[in-house]
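Visitor:
Protein chains in written order, with our numbering: chain A, 17 to 374; chain B, 0 to 380.
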């Protein structure tokens, strides 16, 4: 294993030297890879014809769970990310079962709502626990164990004044300030490895029974269900898989930066993820990956326009959907283009005539 | 006990006036959704622009900038529309089909750049002519916001929705393009805020006298304190809603709008100018958004480029609650959301205000996706 990582690091150094004219440094490369993983997570749901925008919420769950496990419990990175994925997957089941009955815009609105609820919960989790513990102390439920826990742990702090007032101070998620001082454990080779595993998994999935069922559901849900495909089951499995991939991206990105806070996982993130898929196209898995990398690298490459980053993102989204309806990775379009250039001049002239007549 | 009831009444008054703004805003979503079947997520950005334009118009130092900019834009828009209709579009049709889109993009980008370059000196001349400070009556500022919102919304229809409709794109594609348009509008506003205020924040003046004969000092009736602006807002919002209702049910364009909402193809066969109906719809939706924005600014005073984000989710909840595409439902939903928010602020913490709204949204989508006033449609759930 060791020599493989060394080899990868050599490769990466060369790659970064090659990419340096584009202003792509190692952190940028890392975020490009994380975005590619996120793009794949939305690709799975879009491929099944579900317009789910819950990825931001699941990314937040994955990030918070894995960061807490490494920082507070001292778990290893892989184990904590795996746990984050499992937690997100388990949460996805009760969310998906009712919500996935909805279709297009209704599903989009409901999943946006879910993402916002997760963000607001992360924002207010500490206050919520504080008021709960305060109520428990006042009602003297589990009083002794709470007090002894408060003495040993630095998260919880209980002071009882003489006049009976109780002050509880609890700090785990840090509210709007977020979690600070996260150990930077993720490295580029891990991101590349994970991305390759996910891509391999998706390629295998496309050829499997489940993958074929996914495509069938996208094309016509009614017909798919008539063919004996269990639509509810397939949709939920895909939703859970997508949630797990998003959670892994969250866990990995949480260990790249020293700080995470709820504002990282708002509606902007969802729009970004959607933009990856739209720009790259969703015909193949390569679309969201390339879309994510291009969109992430672009603001760095255009360093001079850094304050215009949002504007450029919006214009690209708008321009891509209007002018490149099938995205950057457009297999049919490439074939059409090749065929077009192979056509001889006379045919082209006829086409011009036809167009002018209509 | 007396105190409790008077605070309750106070809260109800606040909830009703905020609810009127929400309802006005949600109407814009509902109009576009009922006629196109598309959710226009850029509507919140238009709301923000309405608030922004109103703020600029009310600020004596910034008003000349706004007026000079609007006149320059109007002057340039006429030749550019003619150019697009008479020269660009017919010429594009003569090109081979595959390259039309790409050439069109490049031509339009170049044209926009040229217009920008021509517009700058015109703006400079106008700014020189206009006085340094101008005091605009609040009602004119309100008209500015309404028109600004409407025009922006029509521009959206031409740039983000019409090209997609022309090629029969999926409704989701139109949703995504509206997100892109929203991003562009919000970021342009951010740049404009930076330029005009050196930060991304601005404030409305206090005690704006929107209608000339109403005093601005607070009315005190017993324990109640009523700021007249809230009453004015309620009156204006209700007036606009009644006007819309009249227009949709009684006038010819309203009938055409309903016909297009029912079936676009049949209405065009019957000789209705569908494209004109779309333009009118978008203008109305944008005008309502702009009006809601300015009223919102007058109540909450603080305006940033990001005020659209929170109200977007409120508006979505309102239209889902009332039934997507139902105009009366949007009004009802707006008031319900305002009451729930006010109640949750009164009884719990204000930080859960939006969480409660989203949980409600979730439940309504699951239990009654057609909303309170909506009719069941197979496509929905």
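A virtual CB, placed ideally from N, CA and C, is assigned to each residue, including glycine. All values reported here derive from a predicted model rather than from experimental measurement.
#1: Sort B:35, B:41 and B:359 by Cα distance to residue 305 of chain B and report the nearest one.
#2: Which of helix, strand or coil does DSSP assign to residue 223 of chain B?
#3: From what residue to what residue does the alpha helix (DSSP H) around residue 80 of chain B run?
#4: Taking Cβ positions, are residue 54 of chain A and residue 259 of chain A nearer each other than 8 Å?
#5: Report yes or no: is there a C-beta of chain B within less than 8 Å of the C-beta of residue 338 of chain A?
#6: Would a check of beta-carbon distances place residue 195 of chain B closer than 8 Å to chain A?
#7: Measuring straight from C-alpha to C-alpha, what distance separates residue 265 of chain B and residue 251 of chain B?
#8: Using a C-beta to C-beta distance shorter than 7 Å, which residues of chain A count as neighbours of residue 308 of chain B?
#9: Mind checking which residues open and close the alpha helix (DSSP H) that includes residue 120 of chain A?
#10: Quick one: which chain B residues come within Cβ less than 8 Å of residue 43 of chain A?
#11: Ends of the alpha helix (DSSP H) at residue 325 of chain A?
#12: What residues from chain A crowd round residue 176 of chain B, counting only those whose CB sits closer than 8 Å?
#13: Which partner residues does residue 357 of chain B have in the DSSP bridge list?
#14: Who are the Cβ neighbours of residue 378 of chain B in its own chain at under 6 Å, not counting the five residues just before and after it?
#15: Flag this pair as yes or no: are the beta carbons of residue 127 of chain A and residue 68 of chain A separated by less than 8 Å?
#16: Using beta carbons (cut-off 8 Å, strictly below), is residue 244 of chain A in contact with chain B?
#17: Measuring alpha carbon to alpha carbon, tell me which of B:147, B:151, B:281 and B:15 ends up nearest residue 228 of chain B.
#18: For the stretch 122-134 of chain A, enumerate the residues whose C-beta is nearer than 8 Å to any C-beta of chain B, in chain order.
#19: Applying a beta-carbon distance threshold of less than 8 Å, which residues of chain B neighbour residue 287 of chain A?
#20: Can you list, in chain order, the stretches of the alpha helix (DSSP H) that have 4 or more residues and sit fully within the stretch 212-294 of chain B?
#21: Give a yes or no on whether the minimum CB-CB distance between residue 100 of chain B and chain A is below 8 Å.
#22: Is the beta carbon of residue 243 of chain B closer than 8 Å to that of residue 38 of chain B?
#23: Does chain B have any CB closer than 8 Å to the CB of residue 185 of chain A?
#24: According to a CB-to-CB cut-off of less than 9 Å, which residues of the stretch 63-92 of chain A neighbour chain B?
#25: Indicate whether residue 264 of chain A and residue 186 of chain A have their beta-carbon atoms separated by less than 8 Å.
#26: Could you confirm whether any beta carbon from chain A is found closer than 8 Å to the beta carbon of residue 411 of chain B?
#27: Taking only beta-carbon atoms, is residue 39 of chain A less than 8 Å away from chain B?
#28: In the structure shown, what three-state DSSP assignment does residue 21 of chain B receive?
#29: Closest to residue 297 of chain A by C-alpha separation, out of A:56, A:22, A:31 and A:38, would be which residue?
#30: Which same chain residues end up closer than 6 Å to residue 73 of chain A when comparing Cβ atoms and leaving out the 5 residues on each side of it in sequence?
#31: Beta-carbon separation of residue 254 of chain A and residue 109 of chain A under 8 Å?
#32: When burial is assigned at 16 or more other CB atoms within 10 Å of the CB, is residue 271 of chain A buried or exposed?
#33: If you draw a straight line from the C-alpha of residue 268 of chain A to the C-alpha of residue 316 of chain A, how long is it?
#34: Per DSSP, which one or two residues make a beta bridge with residue 175 of chain A?
#35: List the whole-angstrom C-beta distance separating residue 144 of chain B from residue 53 of chain B, where the pair is believed to meet the contact cut-off of C-beta under 8 Å.
#36: Going by C-alpha to C-alpha distance, which of A:79, A:138, A:103 and A:48 sits closest to residue 193 of chain A?
Guide: A quick look at the data gives this:
#1: Counting from 1 along the second chain, the entry for residue 305 of chain B is found at position 306. Among B:35, B:41 and B:359, the Cα nearest to that of residue 305 of chain B belongs to B:41.
#2: Along the second chain, read from residue 1 onward, the residue named residue 223 of chain B stands at position 224. Strand at residue 223 of chain B.
#3: One-based indexing of the second chain puts residue 80 of chain B at position 81. Unbroken alpha helix (DSSP H) run through residue 80 of chain B: 62-82.
#4: In the first chain, the residue the question calls residue 54 of chain A occupies position 38. In the first chain, the residue the question calls residue 259 of chain A occupies position 243. No, Cβ-Cβ distance for residue 54 of chain A and residue 259 of chain A is not below 8 Å.
#5: For the purposes of this step, residue 338 of chain A is identified with residue 322 of the first chain, where counting begins at 1. At least one CB atom of chain B sits nearer than 8 Å to the CB of residue 338 of chain A.
#6: Position 196 of the second chain, counted from the first residue, corresponds to residue 195 of chain B. So no, residue 195 of chain B is outside the interface.
#7: Against the second chain, residue 265 of chain B aligns to sequence position 266. Against the second chain, residue 251 of chain B aligns to sequence position 252. Residue 265 of chain B and residue 251 of chain B: Cα-Cα distance of roughly 17 Å.
#8: The residue labelled residue 308 of chain B in the question sits at position 309 within the second chain. Those within 7 Å of residue 308 of chain B in chain A are 283.
#9: As a working note, residue 120 of chain A is residue 104 in the first chain. For residue 120 of chain A, the enclosing alpha helix (DSSP H) stretches over residues 120-154.
#10: Taking the first residue of the first chain as position 1, residue 43 of chain A is located at position 27. Here the premise fails: no neighbours, minimum Cβ distance about 24 Å.
#11: The sequence position of residue 325 of chain A within the first chain is 309, counting from 1. Looking at the DSSP string, the run of the alpha helix (DSSP H) that includes residue 325 of chain A is 325-339.
#12: Residue numbering aside, residue 176 of chain B sits at position 177 when the second chain is read from its first letter. Counting only Cβ-Cβ distances below 8 Å, residue 176 of chain B has contacts in chain A at 333, 334, 337 and 338, in chain order.
#13: As a position in the second chain, residue 357 of chain B is number 358, starting the count at 1. Secondary-structure assignment with DSSP links residue 357 of chain B through no beta bridge to anything.
#14: Locating residue 378 of chain B in the second chain gives position 379, where the first residue counts as 1. A caution first: residue 378 of chain B carries a pLDDT of 40, below 50, which makes its placement in the model unreliable, though a value can still be read off. Within the same chain, and ignoring the five residues on either side of residue 378 of chain B in sequence, no residue has its Cβ closer than 6 Å to its Cβ.
#15: Counted from its first residue, the first chain places residue 127 of chain A at position 111. Counted from its first residue, the first chain places residue 68 of chain A at position 52. The answer is yes: Cβ separation under 8 Å.
#16: The residue given as residue 244 of chain A occupies position 228 in the first chain. The beta carbon of residue 244 of chain A sits no closer than 8 Å to any beta carbon of chain B.
#17: As a working note, residue 228 of chain B is residue 229 in the second chain. When the alpha-carbon of residue 228 of chain B is set against those of B:147, B:151, B:281 and B:15, the nearest one is in B:15.
#18: Under the 8 Å Cβ criterion, the stretch 122-134 of chain A contributes 122, 124, 125, 126, 128, 129, 130, 132 and 133.
#19: Residue numbering aside, residue 287 of chain A sits at position 271 when the first chain is read from its first letter. Below the 8 Å Cβ cutoff, chain B contributes 178 and 182 as neighbours of residue 287 of chain A, in chain order.
#20: The alpha helix (DSSP H) runs of length 4 or more contained entirely in the stretch 212-294 of chain B are, from start to end of the chain, 227-249, 251-261 and 263-268.
#21: One-based indexing of the second chain puts residue 100 of chain B at position 101. Put simply, the CB of residue 100 of chain B is near chain A, with a gap under 8 Å to one of its CB atoms.
#22: Start at 1 with the first residue of the second chain, and residue 38 of chain B comes out as number 39. Start at 1 with the first residue of the second chain, and residue 243 of chain B comes out as number 244. Contact check for residue 38 of chain B against residue 243 of chain B fails: the beta carbons are separated by 8 Å or more.
#23: Looking up residue 185 of chain A in the first chain gives position 169. Residue contact check for residue 185 of chain A against chain B: no CB pair falls below 8 Å.
#24: So the close ones are 67.
#25: Here residue 264 of chain A refers to the residue found at position 248 when the first chain is read from its first residue. Here residue 186 of chain A refers to the residue found at position 170 when the first chain is read from its first residue. No, Cβ-Cβ distance for residue 264 of chain A and residue 186 of chain A is not below 8 Å.
#26: For chain B, the structure presents residues 0 to 380; residue 411 of chain B sits outside this window and is missing.
#27: Working through the first chain from its first residue, we reach residue 39 of chain A at position 23. Closer than 8 Å: no.
#28: One-based indexing of the second chain puts residue 21 of chain B at position 22. Residue 21 of chain B falls in the helix class under three-state DSSP.
#29: Here residue 297 of chain A refers to the residue found at position 281 when the first chain is read from its first residue. Between residue 297 of chain A and the set A:56, A:22, A:31 and A:38, the nearest pair of CA atoms involves A:56.
#30: Here residue 73 of chain A corresponds to residue number 57 of the first chain, with the count starting at 1. Hits under 6 Å: 130, 131 and 134.
#31: The residue given as residue 254 of chain A occupies position 238 in the first chain. The residue given as residue 109 of chain A occupies position 93 in the first chain. Taking 8 Å as the Cβ cut-off, residue 254 of chain A and residue 109 of chain A do not qualify as a contacting pair.
#32: Within the first chain, the letter at position 255 stands for residue 271 of chain A. In summary, residue 271 of chain A is buried, with 16 or more beta-carbon neighbours lying within 10 Å of its beta-carbon over all protein chains present.
#33: As a first step, residue 268 of chain A is located in the first chain; it is residue number 252 there, counting from the start. As a first step, residue 316 of chain A is located in the first chain; it is residue number 300 there, counting from the start. Per the coordinates, the alpha-carbon of residue 268 of chain A lies some 21 Å from the alpha-carbon of residue 316 of chain A.
#34: Within the first chain, numbered from 1, the residue matching residue 175 of chain A stands at position 159. Beta-bridge pairing links residue 175 of chain A to A:183.
#35: Start at 1 with the first residue of the second chain, and residue 144 of chain B comes out as number 145. Start at 1 with the first residue of the second chain, and residue 53 of chain B comes out as number 54. Contact between residue 144 of chain B and residue 53 of chain B holds, with the beta-carbon distance rounding to 4 Å and staying under 8 Å.
#36: For this step, residue 193 of chain A is matched to residue 177 along the first chain. The residue with the shortest Cα to Cα distance from residue 193 of chain A is A:138.
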